[in-house]
Amino acid sequence: MPAAINPPVVLVLGASGLLGRAVQHTLLESLPHGVVVAGTGHSRARGLIPCDVTDETTLREFLAAQAPRVVVNCVAERRPDVVEKEDAKAHVLNVRLVEILAEESARLGFYLLHISTDYVFDGTKPPYKPGDDPHPLNAYGEQKLASEKVLRGKDSGERACAILRVPVLYGPSADLAESSVTLLARDVLVPPRSSQKKVDDWAARYATHTEDVARVVTAMVDRALTGAGELRGTFHYSSKERSQDLSRGAGGEERSQDLSRGVGGEQCPGQGGGRAYTKYSISVLIGEVLGRATKHLEPEASPPEGAPRPQDCELDISALQEALGEKVTRSRALRDGLREVLQGILGETSDS
Numbered sequence: 003m004p005a006a007i008n009p010p011v012v013l014v015l016g017a018s019g020l021l022g023r024a025v026q027h028t029l030l031e032s033l034p035h036g037v038v039v040a041g042t043g044h045s046r047a048r049g050l051i052p053c054d055v056t057d058e059t060t061l062r063e064f065l066a067a068q069a070p071r072v073v074v075n076c077v078a079e080r081r082p083d084v085v086e087k088e089d090a091k092a093h094v095l096n097v098r099l100v101e102i103l104a105e106e107s108a109r110l111g112f113y114l115l116h117i118s119t120d121y122v123f124d125g126t127k128p129p130y131k132p133g134d135d136p137h138p139l140n141a142y143g144e145q146k147l148a149s150e151k152v153l154r155g156k157d158s159g160e161r162a163c164a165i166l167r168v169p170v171l172y173g174p175s176a177d178l179a180e181s182s183v184t185l186l187a188r189d190v191l192v193p194p195r196s197s198q199k200k201v202d203d204w205a206a207r208y209a210t211h212t213e214d215v216a217r218v219v220t221a222m223v224d225r226a227l228t229g230a231g232e233l234r235g236t237f238h239y240s241s242k243e244r245s246q247d248l249s250r251g252a253g254g255e256e257r258s259q260d261l262s263r264g265v266g267g268e269q270c271p272g273q274g275g276g277r278a279y280t281k282y283s284i285s286v287l288i289g290e291v292l293g294r295a296t297k298h299l300e301p302e303a304s305p306p307e308g309a310p311r312p313q314d315c316e317l318d319i320s321a322l323q324e325a326l327g328e329k330v331t332r333s334r335a336l337r338d339g340l341r342e343v344l345q346g347i348l349g350e351t352s353d354s
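Numbering (my numbering), first residue to last: 3 to 354.
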């Protein structure tokens, strides 16, 4: 009797997080039957495989036991201010973990897809192509760049490594605070009683839905599994919806204008007309979606306090579009994504 062939395993590290949940769900929904999709979690491991990725011995033994064909690394300490304050602790997740994964990828032969960030750039010369010189401004960007250098140095084994840089993300959640995008809804919902609330109107934000990123990840994983050509090297993915300009409504409130829309209402990636979204313009959009006034919010044109942030890290996604096609790399409009996500968190919206 011929020996049984074990089904290929796709392992999602950090499957309890904002992006990891979407990645695991999309992989389960999209990959062919016979592929095993497993996700790990630590503090929120319900329905997942418990694994403390900060324990080197545990992680190596776990990877050997799972024998994955593909590993998608969604683990990261992605809060810049936290990384500045807890550099050593964040280094374990952002750098040391990736060193171990690179070593085990070479030893066990799995394809490693690592999620990185637009914060490896300084934000002075957008849009950035994957090969442009990085220059991070804060410890978070420095750590993510260090992890990329580890993988680029290990990309010579039987199976390759790929890096996917993404911008700020938002997606389905039970908590507004899980994403800095949906967190903006708090100031919209609870206006200060005596003063204006200043909101960053300086840094460009290319907020991208986690399910759109998950679709791209799934396409990359599928190519690695089917032999259609593993994508190797560094790639960029981001929403390409240019911003909306703001105008005053009849009552003096800010109103957004969809300058990035086509005649039929479709998204027109890469078309300018408006400036990029900022936290302030996203807040105004959230107010429209929720049916709440935002007159108490005031745009702040100066750089925010805390860890230094780049001003505009728009990512050029043309290389990924060429590799996967525009259907895979499309992204939903921010208004639509916010309506969906906020309704899931808050229970209702008033956008019409």
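Glycine residues also receive a C-beta, built at the ideal position from the N, C-alpha and C atoms.
- The residue from Leu186, Ile7, Pro306, Arg109 with its alpha-carbon nearest to that of Gly36 is Ile7.
- If you check the CB distance, Asp203 and Glu302 come in under 9 Å.
- Taking 9 Å as the cut-off, the beta carbon of Leu336 is found no closer than this to the beta carbon of Ser182.
- By the criterion of at least three beta-carbon pairs nearer than 8 Å, the region 129 to 139 is not in contact with the region 176 to 194.
- If you draw a straight line from the Cα of Gln345 to the Cα of Cys76, it comes to about 25 Å.
- Partner residues in the beta bridge of Lys199, as assigned by DSSP, are Leu299.
- Under the three-state reduction of DSSP output, Ile319 falls in the coil class, being neither helix nor strand.
- Contact check for Val73 and Phe112: beta-carbon distance about 5 Å, within the 8 Å limit, so the pair qualifies.
- Close CB contacts of Arg207 within its chain, under the 8 Å cut and outside five residues either way in sequence, are with Pro169, Val170, Val183, Ala278, Tyr279, Thr280, Lys281, Ile284 (chain order).
- Arg311 is classed as buried because its beta carbon has at least 16 other beta carbons within 10 Å across all chains shown.
- Out of Ala148, Gln313, Arg80, the CA that lies nearest to the CA of Glu101 is found in Ala148.
- Residue pairing by DSSP leaves Ser175 without any beta bridge partner.
- Proximity of the region 57 to 72 to the region 117 to 130 falls short of the contact definition, fewer than three beta-carbon pairs being nearer than 8 Å.
- The way I'd put it, the region 214 to 226 doesn't touch the region 286 to 303; fewer than three beta-carbon pairs between them come closer than 8 Å.
- For Pro52, the beta-bridge partners assigned by DSSP are Gly43.
- In terms of Cα proximity to Val343, the closest of Arg195, Val201, Gly173, His298 is Gly173.
- The alpha helix (DSSP H) runs of length 4 or more contained entirely in the region 91 to 169 are, from start to end of the chain, 99 to 110, 141 to 155.
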